[in-house]
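S.K.: Shown below is the structure under consideration.
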Amino acid sequence: MDSLEESTGELLAWHDPDEQRRWILENKPRSLKDKRMSVKEAVSRFLQNGNYIAMGGFGHVRVSMIAIYEIIRQRKRNLTMAAKTGVHDLDVLVASGCVDKIDNAYCCGHELRGLSPASRRAVESGRAKVAAEISNAGFQWRFKAAAMGLPFIPTRVMLGSDTFRHSSAKIIRDPFSGKPICLLPACYPDVAFIHVHRCDKYGNCQIDGAIMEDFELSRASRRLIITTEKIIDEGRIRRAPWRTNIPFYLVDAVVEAPHGSHPGNMPYMYYFDEEHMTEWLNLSKTDEGVRQYFGKYVYSVKSFDEYLRLIGGDKRLRHLRKLEFLEVPLVAPWARRNNL
Amino acid sequence: MGKEEQPLKKKLRYSTIELMACAASRILEDEKSVFVGTGLPIVAAVLAQKTHAPNLLIVFESGGIGPHVPTLPISVGDSRTFHRAVMASSMDYVMSTAQLGFVDYGFLGAAQIDMFGNLNTTVIGSHERPTVRLPGSGGANDCGSLCWRTIIIMQQSRHRFVQKVDFLTTPGHLSGGDARDRAGLPSDTGPYRVVTQLGVMGFDERTKRMRLISVHPDVTVEDVRENTGFELVIPENVATTRPPTKKELIVLRAEIDPAGIVLGTR
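One line per chain: the protein sequences are A and B, in this order. According to my numbering, the first sequence is numbered sequentially starting from 28. According to my numbering, the second sequence is numbered sequentially starting from 82.
As C-alpha cells, then:
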C-alpha cells in the first residue's frame, strides 16, 4: 500500500518482527532463576554505550533513580533515550553527558516546575540532538506494537501536524474506512529500567497505582532491569496472581532499592522531594552547577544508602512519606516563579 | 443564581490568572468528561467540580480516571492524579478511551497559536537548532487530536498569537474548513475555546477562524486586536466576561491552591 505522507524523523529502535522473535528465542530464558544482583552489576552487565534506553514510570514518578545514578557513575556514553515524558530522568541523563540523542515526546521540561535548564541548554547548543518527535500516546503505542510482536500500529493521532512530519511514522489510506491513518513503527528499546513496589527474586512484579506505559514497555524492551522497593516471597505473588503486572521471563535483573525513586514520587509510599528538585533546578542553570551536583550526589557517593543519608536520611524520608499521605502541606520553593 | 454568587463589583479583587481559571472552568459542563494537564487546567476543572459541575469526570493521560484530586498535582502522573479515583489505569487505556470518543473536553496550553487554533509547544525557531527548545507534544497532540472539544489557555500577545506557528505540534483546525476531516482526524473535533488574560475566543463554524466572544472587564476589543498577530474575527456583539464570584474565589484560594502554586502567592 502506498503511503500518503512520509516523515523525516530518524527511525530508532525498530526491528523486523521475525528478527525480534529470533532474538527472544536465543536470549530470553523461560526458567525461574534468581536474578538478584547489585545495581552496579545490572548496569555494567546489561547496558552498553550507544544503547537505546527507556525509563519506566513517568519522568519523575516511579522512576528508577538508583539506576540512573549508576548509569551516570559508570559514565555510559552515546545513549539514545526514549523521552516518553522525559522529566527529571532525562534531564539528569542528558546533563551528565550519558544521553546525547533524544527520541522525543516530552523533553527539557519539569512539568509544573517549568523548563529544565540543563537539558534545554544541551539541545539548544547542539550537545544533545532531538532525532525525532512523537506524542505521548504515540510513544506508548510504539511500545504496544512491539509488545504485540507487530511491525507497526495504526492510530488517529499526529495527523496533519509537524509532530508527524518530524516523527518516523507514515500515513496511509486505511483500507477499511478509506480515511488517512497514521502508522507508528514498533519501538524495541535495548534496555528498560522499571522501578516497582515489590517483586520476587525471579522478577514477578507488582506495581501499585497507575501503571503508565510499563505493561507495554516491559514486553517491548530487549533487556529489562527491575529495581524494587522490596523483594517479597514467591508465595505472595502466587496468592494474588492477578496483581502481577510484569512476569519473570521478561526480567533480566532484580535490584532491591528502598526509596529508589527519590527525589521522585513513589505512589502510596513517598511524594516528590521538592527541596531536592529545587536544588537541582537551581544548580543546573550553569554547567559548573551541574558538575557540583553530580560531584556531590553521584560521583563521590559509594552506595545508595549513602545517598539517602546525604539527602537528609530517615528524617527527610519520613517527611516525604507524610507528604504522600497528605499529613503535611507541600512547600514548593519554585512556586513563585511560575505563573501559567 | 444564589445570593452568594452575585459578583461583588468594586470590592472583589482578583488576579488575571484567577479570572482565567474561572472563565475556563465555566466552559466545562456537568456530567461530561475532561482530559486535564497540570497547572491552570486542573485548577479550572476542580473549580468546575466544586461549583457548577459536581459530576465532571476528570481524566489524566497517565491513567487516573475520576480522581478526587486532593491538592494540585505537580505531575500529570503523580499520585494525586489517581487519589481516590475510580480507576488507576494506564496511558494506553486512557488514550484508547479518548480515541474511542469518551473524552468530551481537553485542556491545552501553548507557546504559539494561529488563527485556526494550531498550537506550538515544540520549538521557537528552527527544529534543527532552536532558539528555545520547548518540551514538545507530550500528550498535547493526542488531546488536540482525540477529544471532542479542545480548550486552550494561554497568554495573548503578538508573539504568541501568530500568523504561522514555528512548529505545528498539535493540530487545531489546520488550514480551516474541513481540513481536519481531510487529514483523517476524528470528525467534529478540534479547538473550541481560547481563554487568555484579555478575553475568550471561539471559532467560526464554517471557516474555523478564531473569533472573539468576550473581553474581560476593563479590556477593550482594541486591546485584544493589538495583541493578536493575525486578523481576528470580531462580531458585532462582544460580551464582557463575567468576573469571578466570591464563591469561586474562595474555592480557588482556600481549597484548590492555598499555596499559590499556580495562582501565585498573594
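For each residue, glycine too, the CB sits at the ideal point set by N, CA and C.
Where does THR162 (chain B) sit, in a helix, a strand or coil, going by DSSP?
M.R.: Counting from one through the second sequence, the residue named residue 162 (chain B) turns up at place 81. Note: THR162 (chain B) maps to helix in three-state DSSP.
S.K.: I believe LYS368 (chain A) touches GLU33 (chain A) by the beta-carbon criterion, under 8 angstroms. Please report the beta-carbon distance rounded to the nearest angstrom.
M.R.: Residue 368 (chain A) lies beyond the residue range present for chain A, which begins at 28 and ends at 367; the question has no answer from this structure.
S.K.: Given that VAL167 (chain B) touches chain A, what residues does it touch there, using C-beta distances under 9 angstroms?
M.R.: Counted from its first residue, the second sequence places residue 167 (chain B) at position 86. Those do not exist, as VAL167 (chain B) stays about 12 angstroms from chain A at its closest Cβ, beyond 9 angstroms.
S.K.: Taking 8 angstroms as the CB-CB cut-off, is ARG94 (chain B) touching chain A?
M.R.: To locate residue 94 (chain B), count along the second sequence from 1; it is residue 13. Proximity of ARG94 (chain B) to chain A, defined by a Cβ-Cβ separation below 8 angstroms, is not satisfied.
S.K.: Would you list, in sequence order, the uninterrupted alpha helix (DSSP H) runs of no fewer than 4 residues that lie entirely inside the segment 141-174 of chain A?
M.R.: The qualifying runs are 144-152, 163-174.
S.K.: At a CB-CB cut-off below 7 angstroms, which residues of chain B make contact with PHE85 (chain A)?
M.R.: As a working note, residue 85 (chain A) is residue 58 in the first sequence. Within chain B, the residues SER143, SER156, GLY158 have their CB atoms less than 7 angstroms from the CB of PHE85 (chain A), given in chain order.
S.K.: Quick one: Cα of PRO211 (chain B) to Cα of ARG265 (chain A), how far?
M.R.: By 1-based counting over the second sequence, the position of residue 211 (chain B) is 130. By 1-based counting over the first sequence, the position of residue 265 (chain A) is 238. The alpha-carbon atoms of PRO211 (chain B) and ARG265 (chain A) are separated by roughly 52 angstroms.
S.K.: Could you tell me whether any Cβ in chain A is nearer than 8 angstroms to the Cβ of ILE342 (chain B)?
M.R.: Against the second sequence, residue 342 (chain B) aligns to sequence position 261. Using a CB distance cut-off of 8 angstroms, ILE342 (chain B) counts as an interface residue toward chain A.
S.K.: Using C-beta distances below 8 angstroms, list every residue in its chain close to THR321 (chain B), excluding the 5 sequence neighbours before and after it, in chain order.
M.R.: Residue mapping note: residue 321 (chain B) aligns to position 240 of the second sequence, counting from 1. These residues qualify, in order along the chain: SER295, VAL296, HIS297, PRO298.
S.K.: Where GLY280 (chain B) and LEU277 (chain A) are concerned, what is the direct C-alpha to C-alpha distance, given to the nearest angstrom?
M.R.: In the second sequence, the residue the question calls residue 280 (chain B) occupies position 199. In the first sequence, the residue the question calls residue 277 (chain A) occupies position 250. For GLY280 (chain B) and LEU277 (chain A), the distance between alpha carbons rounds to 53 angstroms.
S.K.: Kindly indicate the opening and closing residues of the beta strand (DSSP E) around ILE8 (chain A).
M.R.: Nothing about residue 8 (chain A) can be reported from this structure: the residues present for chain A run from 28 to 367 only.
S.K.: Hey, out of A:LEU186, A:ASP127, A:PHE352, A:ALA109, whose CA is closest to HIS254 (chain B)'s CA?
M.R.: As a first step, residue 254 (chain B) is located in the second sequence; it is residue number 173 there, counting from the start. If we check each option's Cα against that of HIS254 (chain B), A:LEU186 comes out closest.
S.K.: Taking all protein chains shown into account, decide if GLN130 (chain B) is buried (16 or more other Cβ within 10 angstroms of its Cβ) or exposed.
M.R.: Against the second sequence, residue 130 (chain B) aligns to sequence position 49. By the 10 Å Cβ count, GLN130 (chain B) comes out buried.
S.K.: Measuring only the C-alpha atoms, how far is PRO274 (chain A) from THR182 (chain A)?
M.R.: For the purposes of this step, residue 274 (chain A) is taken as the residue at position 247 of the first sequence. For the purposes of this step, residue 182 (chain A) is taken as the residue at position 155 of the first sequence. Going from the Cα of PRO274 (chain A) to the Cα of THR182 (chain A) covers about 28 angstroms.
S.K.: Secondary structure at HIS42 (chain A), three-state DSSP: helix, strand or coil?
M.R.: Position 15 of the first sequence, counted from the start, is the residue given in the question as residue 42 (chain A). Looking at HIS42 (chain A) - three-state DSSP - the assignment turns out to be coil, as it is neither helix nor strand.
S.K.: Indicate whether at least one CB of chain B lies closer than 8 angstroms to the CB of VAL88 (chain A).
M.R.: The residue you call residue 88 (chain A) lines up with position 61 of the first sequence. Using a CB distance cut-off of 8 angstroms, VAL88 (chain A) counts as an interface residue toward chain B.
S.K.: Look up ASP262 (chain B) in the DSSP assignment and say whether it is helix, strand or coil.
M.R.: As a first step, residue 262 (chain B) must be located in the second sequence, where it is residue number 181. Residue state, collapsed to three classes: helix.
S.K.: When you compare the CB of GLU243 (chain A) with every CB in chain B, is at least one pair closer than 8 angstroms?
M.R.: Walking along the first sequence from the start, residue 243 (chain A) turns up at place 216. Taking Cβ atoms only, chain B reaches closer than 8 angstroms to GLU243 (chain A), which makes this a yes.
S.K.: Could you list which residues in chain B have their beta carbon closer than 8 angstroms to that of ILE208 (chain A), in chain order?
M.R.: As a working mapping, residue 208 (chain A) is identified with position 181 in the first sequence. The answer, in chain order, is GLY265.
S.K.: Please list the partners that ARG147 (chain A) has in chain B, where partner means a Cβ-to-Cβ separation under 7 angstroms.
M.R.: Walking along the first sequence from the start, residue 147 (chain A) turns up at place 120. Here the neighbours are ARG214.
S.K.: With ASN78 (chain A) and VAL218 (chain A) assumed to form a contact (beta carbons below 8 angstroms), what rounded beta-carbon distance in angstroms separates them?
M.R.: Start at 1 with the first residue of the first sequence, and residue 78 (chain A) comes out as number 51. Start at 1 with the first residue of the first sequence, and residue 218 (chain A) comes out as number 191. Confirmed, about 6 angstroms.
S.K.: Going along the chain, which residues of its own chain have a beta-carbon closer than 8 angstroms to the beta-carbon of GLU306 (chain A), five neighbours each way excluded?
M.R.: Position 279 of the first sequence, counted from the start, is the residue given in the question as residue 306 (chain A). Within its own chain, the residues whose Cβ lies closer than 8 angstroms to the Cβ of GLU306 (chain A), once the five positions on either side in sequence are excluded, are TYR320, listed in chain order.
S.K.: In chain order, what residues of the same chain have a beta carbon less than 8 angstroms from the beta carbon of ARG94 (chain B), not counting five sequence neighbours either side?
M.R.: In the second sequence, residue 94 (chain B) corresponds to position 13, counting from 1. No residues qualify anywhere along the chain.
S.K.: Around the Cβ of LEU181 (chain B), are there at least 16 other Cβ atoms within 10 angstroms (buried) or fewer (exposed)?
M.R.: Working through the second sequence from its first residue, we reach residue 181 (chain B) at position 100. Exposed.
S.K.: Taking Cβ to Cβ, would you say GLY120 (chain B) is nearer than 8 angstroms to LEU210 (chain A)?
M.R.: Here the question's residue 120 (chain B) lines up with position 39 in the second sequence. Here the question's residue 210 (chain A) lines up with position 183 in the first sequence. With a cutoff of 8 angstroms on beta-carbon distance, GLY120 (chain B) and LEU210 (chain A) are scored as not near each other.
S.K.: What are the boundary residues of the alpha helix (DSSP H) that includes SER30 (chain A)?
M.R.: Here residue 30 (chain A) is taken as the residue at index 3 of the first sequence, counted from 1. It is not in any alpha helix (DSSP H) - SER30 (chain A) instead sits in the beta strand (DSSP E) that spans 30-33.
S.K.: At the 8 angstroms Cβ level, is ILE98 (chain A) part of the contact set with chain B, yes or no?
M.R.: Position 71 of the first sequence, counted from the start, is the residue given in the question as residue 98 (chain A). No, because no Cβ of chain B sits closer than 8 angstroms to the Cβ of ILE98 (chain A).
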